[in-house]
Amino acid sequence: MVWNTNLRWRLPVTCLLLQVALVVLFGVFVRYDMDADPHWIDKKEAENSTSDMENEFYYRYPSFQDVHVMIFVGFGFLMTFLQRYGYSSVGFNFLLAAFGIQWALLLQGWFHSYYRGYIRVGVENLINADFCVGSVCVAFGAVLGKVSPVQLLIMTLFQVTLFSVNEFILLNLLEVKDAGGSMTIHTFGAYFGLTVTWILYRPGLHQSKERQSSVYHSDLFAMIGTLFLWMYWPSFNSAVSNHGDAQHRAAINTYCSLAACVLTSVALSSALHKKGKLDMVHIQNATLAGGVAVGTAAEMMLMPYGSLIVGFICGIVSTLGFVYLTVRGPGQGLRAGESGGLYVPDRRWGAP
Amino acid sequence: MVWNTNLRWRLPVTCLLLQVALVVLFGVFVRYDMDADPHWIDKKEAENSTSDMENEFYYRYPSFQDVHVMIFVGFGFLMTFLQRYGYSSVGFNFLLAAFGIQWALLLQGWFHSYYRGYIRVGVENLINADFCVGSVCVAFGAVLGKVSPVQLLIMTLFQVTLFSVNEFILLNLLEVKDAGGSMTIHTFGAYFGLTVTWILYRPGLHQSKERQSSVYHSDLFAMIGTLFLWMYWPSFNSAVSNHGDAQHRAAINTYCSLAACVLTSVALSSALHKKGKLDMVHIQNATLAGGVAVGTAAEMMLMPYGSLIVGFICGIVSTLGFVYLTVRGPGQGLRAGESGGLYVPDRRWGAP
Amino acid sequence: MVWNTNLRWRLPVTCLLLQVALVVLFGVFVRYDMDADPHWIDKKEAENSTSDMENEFYYRYPSFQDVHVMIFVGFGFLMTFLQRYGYSSVGFNFLLAAFGIQWALLLQGWFHSYYRGYIRVGVENLINADFCVGSVCVAFGAVLGKVSPVQLLIMTLFQVTLFSVNEFILLNLLEVKDAGGSMTIHTFGAYFGLTVTWILYRPGLHQSKERQSSVYHSDLFAMIGTLFLWMYWPSFNSAVSNHGDAQHRAAINTYCSLAACVLTSVALSSALHKKGKLDMVHIQNATLAGGVAVGTAAEMMLMPYGSLIVGFICGIVSTLGFVYLTVRGPGQGLRAGESGGLYVPDRRWGAP
């Protein structure tokens, strides 16, 4: 009874405490970036007589909104294909991302945007916070169905912290180039998720039959997530590139890689099925691999054919990996949610 | 029989008459804005030697498209969670919004963009028309299931008119600042909807059992609406702000408020449920409150922590309000659609 | 057995061969456009001292992403209303579009962007490739349910080729103006699709009962496609217009035409139903007609009332056409998918 009562209050108390802490930390540390602050911007414009159009906002905001859609709709709906997990997939993704972006603004700010005693927040910081949360969403895919919302919030707290430290080491100390965040975001997210899954793994749990029931509409919902991720990936890889030709090139390269990846993953999905059928889950996973793979090099002079080759190989490797590797990859973690779940599907969601 | 025949022709005749009237009024009154008219713009460019990039189109169009998605997909799908009301929710929202934006272009034009005998229409007018219709969509939430499409069109006709007068009084006569339209759009919309509901209210109607049937996928559709509203709210609050730092700041403030609001409404939703469960409807309503609340002050120097505090309080107040207030708020109006409906669900939709 | 084995490998082999061919052709022919290439852009900036903001990327990229959403989510989900065809609709649309954009980049490049031995690819080429694939998606609507994925890929191969030749003849040789591609994209796509349907037509196939089963959620999915097409059509018609006022005007004209079209198609849908009910399929088809019809003239000085008249007439004509014409229009081709299908619904999709 006591334990039950504790459990019942655990989520509200955690959420409120985290949010109060964030308010206090924002109050102490966070101010507007130069381009969002009238005192600074007026001075800058008077000096250089630049146009309002040169405000960072107009270079970055459309890309920011695309990335925002990828995080909340893309990753949220990507995992709705698990029957009876739709609420948790969309809802918990929403919760962890809303917490994660605030925490990431602080941590990334301390490392990268700290100036004269304050973190200066502008549209580029919002994009980077979304990127960081993207890494948590990848890890979420591996643990969906195994963790409670409180555990997810704690996982987000740690992962965002580690992400920022890792990013600082890679980008600032080792001076690695990683435009699309293949290393810092996706690889880090996948391994973090796998580690958490491994810690939580309990053998011998019964095999759920949930998946066998009609998942027809669930897979269509998942396609909403997949398509928004696929379509907006050029924005993801180009969102924080240098102005002008670099941003332009990053978008073209990602576009090419993604297109090539679709064809080879359809080919492999059909070839690996004993009757030549296609599997929606391969399409969902493998097609995105093309965006991840080209990420690091997206703004380099890859040439369009170079990007096609990256996408070509990626579609093959990721579909092969999905089918043959028995270790729990991020994709398989999703399915593992059925067989090793500690939580019954969507039981957290009720009506008042 | 005669009455039935009349009823059958009421919708087509209303739609056609309204559209014919709009065509005539547009013919008499509406012309292109300076930035969309080659005669004016060539002269302007010759005088100031400005770049095409200084065209208002490039400052506003990406925000306009985000707001457009909020009105048609956001509000349209927000209310699909009512089982067997999906068509009406999406379809009638589509109808009233398509009528409303045309009527709003005229009315707002007479008040704000009338110059040398004509209303001058540019991308900012399109955004303001969408804002005005947003107010009708809020009211629509309170009357869904109680009104016929013809009644909705008439409601839109009156509400857009009153909205424009109210907006003119607040913004031009009283010189109130209301960047995100919290007062003019959301408060006005909610009270207008409540008034219409109160007029239409009939006690003693039987309690429908519709809601009890599986609403699983319906709630996922509703989350599509919720998320597009949530994600694009920074565009909503910054769409017509001043160029440069004001627009930048409005987006940052809204982003912060929305993020904080998610955590506190999850906390309250769980705390107020006797078993600590979450209610999707709280998440849907309360999370959006953060965007509304910060609207008026969005472009002011609120500071990021100020926005977090606004969102924090909003998530708590709106979830408390939703659970404890027995008056029909916009959110509860949605649910009231089940119990006091004069119309059977989606009966308006057939196949040929 | 041998035949079966061949059939089983046909899709993977076709996909891989096409993609290998594309990689080789891209390697030989495709390079970056001036605005995406640091060697060229640095020189240009040094000469004219222009800002990064003048890069074509910032003029076009937001429109490109909107068009991209129309092709993959818009057309993909538009056809999910066919019960049990959702996977094929979304999945095959994804496959053919991913192939089509690559092939279109090459063909349109040879005709329009060939410079000093190479095709120069920039964001405008990406938009044009999406346009070309839009035409294939229209034709796909007429053959859905009648063709295998391999046949779709071959259809795409031929249609993109013919499209590019037709476009070259119309735009370059006859010097026709067709801003929104009404002729080159939509009319061409519809007739191509009808021709393919006519070739594939087999009389006497049994009438499927699929459609009679509950299509409730399927139609809501289809509305996602419809709405994204409707909302982003102003971007479609203005995406490759001249900078400044022309692009601004094309967006305003399309917006007006689309809004008027909704009211008249609702009117006609209700008037033509014997009990005055509305048909979701009319709304889906007719509302889009407004965007197509205004396409050619979108950037001209149509005036807002001129656009309303175009939309007005269009909503009437297209709904009448849908109801009374017995030839298989693109819309009716969709329904014909049920009655004359050579393939059982979604049988191509399995789990591993």
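Protein chains in written order, with full-length UniProt numbering: chain A, 1 to 352; chain W, 1 to 352; chain U, 1 to 352.
Glycine included, C-beta positions come from ideal geometry on N, C-alpha and C.
For clarity, every value in this text was computed on a predicted model and none was experimentally measured.
Of the choices the options, whose alpha-carbon is the least far from that of residue i?
| i | options | result |
| --- | --- | --- |
| U:Q247 | U:R60, U:T80, U:L95 and U:I199 | U:R60 |
| A:R116 | A:V90, A:V30, A:Q151 and A:F57 | A:V30 |
| U:V317 | U:S89, U:H282, U:G244 and U:L302 | U:H282 |
| W:S89 | U:V323, U:N285 and U:M223 | U:M223 |
| U:D37 | U:G122, U:G86 and U:C314 | U:G122 |
| A:T319 | A:A250, A:P62, A:A271 and A:A298 | A:A271 |
| W:N93 | W:C132, W:K275 and W:P149 | W:P149 |
| A:H243 | A:L11, A:G321, A:I169 and A:M53 | A:M53 |
| W:Y255 | A:F131, A:T50 and A:L126 | A:L126 |
| U:T197 | U:S235, U:G141 and U:I313 | U:G141 |
| A:F322 | A:S307, A:A286, A:I313 and A:T296 | A:A286 |
| A:K9 | W:K277, W:G290 and W:I169 | Checking the sequence, you will find Trp at residue 9 of chain A rather than Lys. Comparing Cα-Cα distances from A:W9 to each of W:K277, W:G290 and W:I169, the minimum goes to W:K277. |
| U:H39 | A:F99, A:S307, A:D245 and A:S238 | A:D245 |
Is it buried or exposed, residue i, if we count other Cβ atoms within 10 angstroms and call 16 or more buried?
| i | result |
| --- | --- |
| W:L263 | buried |
| A:Q19 | buried |
| U:I199 | exposed |
| U:H273 | buried |
| U:T195 | exposed |
| W:L205 | The pLDDT assigned to W:L205 is 44, lower than 50, so where the model puts this residue is not dependable, and the model offers no usable value. |
| W:E124 | buried |
| W:V143 | buried |
| U:T156 | buried |
| W:K146 | buried |
| U:S214 | At U:S214, the pLDDT of 42 sits below 50, so the modelled position is not reliable and the matter cannot be decided from this model. |
| A:V160 | buried |
| A:H186 | buried |
| W:L227 | buried |
| A:V23 | buried |
| W:Y324 | exposed |
| A:K209 | Note on A:K209: pLDDT 42, under 50, position unreliable in the model; the coordinate value appears next. When all chains shown are included, A:K209 counts as exposed. |
| A:E167 | buried |
Using a threshold of 8 Å, state whether the C-beta atoms of residue i and residue j are closer than that.
| i | j | result |
| --- | --- | --- |
| W:L96 | W:L153 | yes |
| W:L288 | W:W230 | yes |
| W:V310 | W:V294 | yes |
| U:F75 | U:G225 | yes |
| U:G86 | A:L220 | yes |
| W:S257 | W:E299 | no |
| U:G315 | U:A250 | no |
| W:I101 | W:V138 | no |
| residue 361 of chain A | U:F26 | Residue coverage of chain A in this structure runs from 1 to 352, which leaves residue 361 of chain A outside it and unanswerable. |
| W:F33 | W:N55 | Contrary to the premise, residue 33 of chain W reads as Asp rather than Phe in this sequence. No, the pair does not count as a contact, with Cβ atoms beyond the cut-off. |
| W:F111 | W:S182 | no |
Identify the continuous beta strand (DSSP E) that holds residue i and give its terminal residues.
| i | result |
| --- | --- |
| W:Y118 | Y118 to V121 |
What residue range does the alpha helix (DSSP H) around residue i cover?
| i | result |
| --- | --- |
| W:Y255 | D245 to L272 |
| A:V176 | Counting along the chain, A:V176 falls outside any alpha helix (DSSP H), and DSSP gives it neither H nor E. |
| A:Y32 | Per DSSP, A:Y32 belongs to no alpha helix (DSSP H); it is in the beta strand (DSSP E), V30 to Y32. |
| U:V310 | P304 to Y324 |
| A:E167 | P149 to E167 |
| A:M280 | M280 to A293 |
| W:L105 | G86 to H112 |
| U:F72 | Element bounds for U:F72: n/a, residue is neither H nor E. |
Is it true that the segment 10-30 of chain U meets the segment 256-276 of chain A, where meeting means three or more beta-carbon pairs spaced less than 8 Å apart?
yes
Take every Cβ of the segment 57-73 of chain U, pair it with every Cβ of the segment 281-295 of chain A, and state whether three or more of those distances are shorter than 8 Å.
no
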